[in-house]
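Residue numbers (my numbering), protein chains in the order written: chain W, 31 to 302; chain F, 7 to 365; chain P, 19 to 302.
We put the beta carbon where it would ideally sit given N, CA and C, even for glycine.
Being a predicted model, the structure only gives us computed values, none of them experimental.
Written out as structure tokens, the structure reads:
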């Protein structure tokens, strides 16, 4: 019998602890009864202050609106685009695909700079419109890549069978392709939503004076001073995320119990 | 003579620089079971996809029931396909899969469920309508794929190596069932396989394909006993390929040829001095010194190998060539290794597959 | 190929159009802008000039590039050193625990990244958690200066980008056929030797993808150096931001972006050369 060590498990645990350490600190400080850094007792005050802080609440809803709008428009663009180019051979396909991935490959600041210049050149008023255009652009690749990977993994005979049985192009898309790629569309959209919610750099360059997103609001608060409301806000968001993840896991394991397929480990992008 | 339901006229197709089909012509009769047999890459699947409309030919026409359908989309053609991978819709249950074609034709719901039930009975899967494809075995998926295609009453059913993924036992059983189904329904089947046994066993006619061409088209008996090309002789069954030259044209219509230092006879025409390539099926070669056919080829036994019921003997001929003889185990053929023997065959079984100058 | 499949994909037109208008055109626009002269107050003058590129080679700028590159290299190195063993160990866990651990790696992504950086600020501050703890334990007397220096920025970068490295290397390690390692062991390789001669080379593509995914963003994440480095640690990203918003020198900002873009393409090119991947998707 080989000697069993717990070293790997300990290492995994240690890295996870480090990943969660700053988050845990933020959660803990959201209940700290002082603006300073020592522990001064338990309080819910910051949550009350958070509720009354109009600028945070406004920024939060702006971000929510922006993320929903951009990730959904990107979902349509990316999905239809991926289905459109899959199994087609046309000139310049590879270059166009690489071009479409640029928004998530290059440092965000390049796009931020480019949009600031480009939108001022077009004389677009900086605000929700410019934010949405910019966010949609960097959301599209997440969905495109995800859906394309799924399409590549699909047996081409399945859509051919549908055509063979009498379905036209549109019917094939709605009856066969869309239901089969829907999980990838959703996971891509969800990822895009999260990326939009969390974006600092591109928003920094494309927003106007009137419009604030949550990350920008947090950024300016962190730069100017310590504000425990932010801790409270983050704790709330973190709680929501964990709740969603837990519900998702539960749903997946229920489905597995009913004979569905086992949930895959999470990944940013589906691989085939 | 039954009427022609499908005809391919001089179909050419290239993928990039590779020529997949170079002039395929084919007439398929109403109600027949036609098999395209060939090694992988011979163009048989491309032929099928062109009939289905999933590929379009570079040139040539496809006529279905007398109508030119070459430029029709697959969904307009009255042919259906059973795909090699089955291609069942993974997100629909069995009943939905089978009823898909009918739903597209706006068939009334009660009619659809009646037909689906009928089909499930026919393919021996009653009560399976609610199952999902991933809950079925390979054989069951195969049956669903067939039901999904034939429920639409296609003029021609195309089957692309439908039994390829099944194990041997199940494959044999499905061969019988498929053949019976085809006879019952009277639907024209175009069947693709690289398995010669399957082709010989099921087909009314077999088309042997290689390198984008149909080399020979005929009944199983025809293509087996009278291969017209060396490829056909070697691809189906086991043949001895003999390079011989004509010595004399005999009065009974046979040829006397010199081969490997001896003399052999073959059926066919020729002129003295002509060099021919003959195919003789290994199981048609007989041991014996005296034959009613007037020739005997001497040789030495090089090796025996026993292959379950059959004994395969390799002979060394005087000039160093080898000849294979397949016979029932035991009996007089059991000459020991190193012994001298003589063999002969019915000249009708020695078929000319190549002539000098026609490679 | 089917003739029908060779036709230009009509369905993809909106996607392609969007890509051209909102990716290609803006990038070309800043490329042009980088060759123009800056206007007196705001914007650019339509006059060809190489001023911006010339100014890039002054010592102040060169120092920032060096610092930014050094930070990117260190970040990549550390995330690899931490992330690869992590992925390797995770891939050997039983399946249920494996997907739970990966989920836990991904979940922080769904929370606000600024807040996670803020967590480090709380930890590293002179009256922060670490210093308080160390003083309480008697290890030190006076608080260490942990925040607002290069080290703090490095910690923040590693922290922010580690999950990318983990996910890239994990997906490569997971795909590795375990029988290859077994074969190496069978042929007499020890545990370490099998790891270095089979596991690591076979997962090279994942390692390289992870390095690209970490290296590229690490030159641009200006908010991390802003918050954790004070004003002392400048990244290429900070430089661009300052040119645009403080100095209002747009051509200079554009020129720096062009340089960064070229550098990015260079890194991707090296990746493609070494990994044999042609498309960009292999990285993701």
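- The beta-bridge partner set that DSSP reports for residue 330 of chain F consists of F:320.
- The C-alpha of residue 17 of chain F is placed about 7 Å away from the C-alpha of residue 67 of chain F.
- Contact annotation: the region 227-246 of chain P does not touch the region 66-78 of chain P, with fewer than three C-beta pairs closer than 8 Å.
- In the DSSP assignment, residue 166 of chain F falls within the beta strand (DSSP E) that extends over 162-166.
- Between residue 284 of chain F and residue 266 of chain F, the beta carbon gap of about 12 Å keeps them out of contact (Cβ cut-off 8 Å).
- A distance of 8 Å or more separates the beta carbons of residue 197 of chain F and residue 180 of chain F.
- Per DSSP, reduced to three states, the secondary structure at residue 61 of chain P is coil, with no helix or strand assignment.
- Judged by DSSP secondary structure, residue 107 of chain F falls within the alpha helix (DSSP H) whose first and last residues are 100-110.
- At a cut-off of 8 Å between beta-carbon atoms, residue 123 of chain P makes contact with chain W.
- As computed with DSSP, residue 234 of chain P is found in no beta bridge at all.
- If you look at residue 141 of chain F, you'll find it isn't in any beta strand (DSSP E); DSSP assigns it neither H nor E.
- Here residue 287 of chain F is bridged, per DSSP, to F:245.
- Here the region 180-194 of chain P lies against the region 97-105 of chain P, with 3 or more beta-carbon pairs under 8 Å apart.
- Listed along chain W, the residues sitting closer than 7 Å to residue 268 of chain P by beta-carbon distance are 147.
- Close to residue 107 of chain F, with beta-carbon spacing below 7 Å, are these residues of chain W in chain order: 195, 196.
- Inclusion of residue 252 of chain F and residue 263 of chain F in the CB contact set at 8 Å is warranted, their separation being smaller than that value.
- In this model, residue 282 of chain F and residue 351 of chain F are separated by some 17 Å (Cα to Cα).
- For residue 27 of chain P and residue 160 of chain F, the gap between their C-alpha atoms comes out near 31 Å.
- Annotation: residue 155 of chain F to residue 87 of chain F spans about 6 Å, alpha carbon to alpha carbon.
- The straight-line gap separating the alpha-carbon atoms of residue 94 of chain W and residue 80 of chain W is approximately 17 Å.
- For residue 25 of chain F, the uninterrupted beta strand (DSSP E) segment begins and ends at 24-35.
- Rounded to the nearest angstrom, the gap between the Cα atoms of residue 293 of chain P and residue 223 of chain P is 5 Å.
- In the displayed model, residue 87 of chain P falls within a helix according to three-state DSSP.
- Rounded to whole angstroms, the separation of the alpha carbons of residue 56 of chain F and residue 91 of chain F is 18 Å.
- Residue 217 of chain P sits in a helix when the DSSP states are folded into three classes.
- Contact with chain W is absent for residue 153 of chain P, since none of that chain's Cβ atoms lies less than 8 Å from the residue's Cβ.
- Going by DSSP, residue 157 of chain F is part of no alpha helix (DSSP H) at all; its letter is neither H nor E.
- Against chain F, the CB of residue 200 of chain W has no partner CB under 8 Å away; the residue lies outside that interface.
- The C-alpha of residue 72 of chain W is placed about 32 Å away from the C-alpha of residue 42 of chain W.
- Under the three-state reduction of DSSP, residue 214 of chain F is assigned to strand.
- Under DSSP, the beta-bridge partners assigned to residue 86 of chain F are F:163.
- Per DSSP, residue 197 of chain P is one residue of the alpha helix (DSSP H) stretching across 196-204.
- Between residue 139 of chain P and residue 246 of chain P, the C-beta spacing is below 8 Å.
- For residue 179 of chain W, the nearest beta carbon of chain F is not closer than 8 Å to its own beta carbon.
- F:217 is the residue among F:89, F:172, F:217 whose C-alpha sits nearest the C-alpha of residue 45 of chain F.
- Residue 130 of chain P is a Cβ neighbour of residue 264 of chain W, given a cutoff of 8 Å.
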